[in-house]
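In UniProt numbering, the protein residues as written are 1 to 139.
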Amino acid sequence: MSQYQDTGRVSEPRGGAVGLIVFAGTMMIMIGVFHIISGLAALIEDDFYVTTPNHLLEFDLTTWGWIHLIAGIVVAGAGFAVFAGQTWARVVGIMLAGLSAVANFAFIPYYPVWSLLIIALDVFVIWALATQGRNVALD
Numbered sequence: 001m002s003q004y005q006d007t008g009r010v011s012e013p014r015g016g017a018v019g020l021i022v023f024a025g026t027m028m029i030m031i032g033v034f035h036i037i038s039g040l041a042a043l044i045e046d047d048f049y050v051t052t053p054n055h056l057l058e059f060d061l062t063t064w065g066w067i068h069l070i071a072g073i074v075v076a077g078a079g080f081a082v083f084a085g086q087t088w089a090r091v092v093g094i095m096l097a098g099l100s101a102v103a104n105f106a107f108i109p110y111y112p113v114w115s116l117l118i119i120a121l122d123v124f125v126i127w128a129l130a131t132q133g134r135n136v137a138l139d
């Protein structure tokens with residue numbers, strides 16, 4: 001006989017787990033909106049960001065605008081899916097927050113304070129999604 005028995009009971013998620021999911025979903029939506037704002041600023045006003053020479057990824061600001069705009073839409077969409085308690089949304093959320101942090105690391109020469117803020121929020125989202133252990137659907 002197994003040492004572990006399935007009693008058939010479904011336990012309710014703890015308040016801390018629900019709180020982390022709400023935090024992660026809200027932050028993902030906010031990060032997505034921040035990306036969209038950054039992208040639109042780069043697309044609408046090409047002189048908004050100051051460019052510095054000799055940095056890691058030298059993209060045109062229009063390219064950065066499209067990168068931020070598309071990333072913002074995808075991250076915000078995944079944030080809404082996290083609220084639905086989808087397991088895939090947690091996994092995708094961790095990956096997107098990681099990619100968002102990398103993109104903002106490369107964007108530091110253009111807008112350093114903003115990029116560091118978004119990187120910090122991405123780290124908190126990764127922590128919140130990784131430490132939550134089970135599906136939590138918010139009704």
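Just so it is clear, CB atoms sit at the ideal spot from N, CA and C, and this is done for glycine as well.
Chain-order list of residues whose beta-carbon lies under 8 Å from that of residue i (same chain, five-residue window excluded)
i                : result
tryptophan 66    : Gly39 and Leu43
phenylalanine 83 : Ile21, Val22, Gly25 and Leu138
tryptophan 88    : Ala81
valine 33        : Gly72 and Ala76
Residues of its chain near residue i, where Cβ-Cβ distance is below 6 Å and the 5 sequence neighbours each way are ignored
i             : result
arginine 90   : Leu129
leucine 121   : Met27 and Ile31
valine 74     : none
tryptophan 64 : Ala42
Contact under 8 Å by Cβ, residue i with residue j
i          : j          : result
serine 100 : alanine 71 : yes
Residue nearest to residue i in terms of C-alpha spacing, selected from the options
i            : options                  : result
leucine 69   : Gly93, Gln132 and Asn104 : Asn104
tyrosine 110 : Val33, Ala41 and Gly93   : Ala41
glycine 98   : Tyr49, Thr63 and Val123  : Val123
Inter-residue spacing [alpha-carbon to alpha-carbon] between residue i and residue j
i                 : j             : result
leucine 61        : proline 112   : 15 Å
serine 11         : valine 18     : Unreliable placement is indicated for serine 11, whose pLDDT of 48 sits below 50; no coordinate value is reported for it.
phenylalanine 107 : valine 125    : 19 Å
residue 143       : glutamine 86  : Since the displayed the chain opens at 1 and closes at 139, residue 143 lies outside it and no answer follows.
alanine 78        : threonine 131 : 18 Å
leucine 96        : isoleucine 36 : 15 Å
leucine 116       : valine 102    : 11 Å
phenylalanine 59  : isoleucine 29 : 26 Å
Close Cβ partners of residue i (< 7 Å) along its chain, the five nearest in sequence each way excluded
i             : result
isoleucine 94 : Ile126, Leu129 and Ala130
valine 92     : Ala78
glutamate 45  : none
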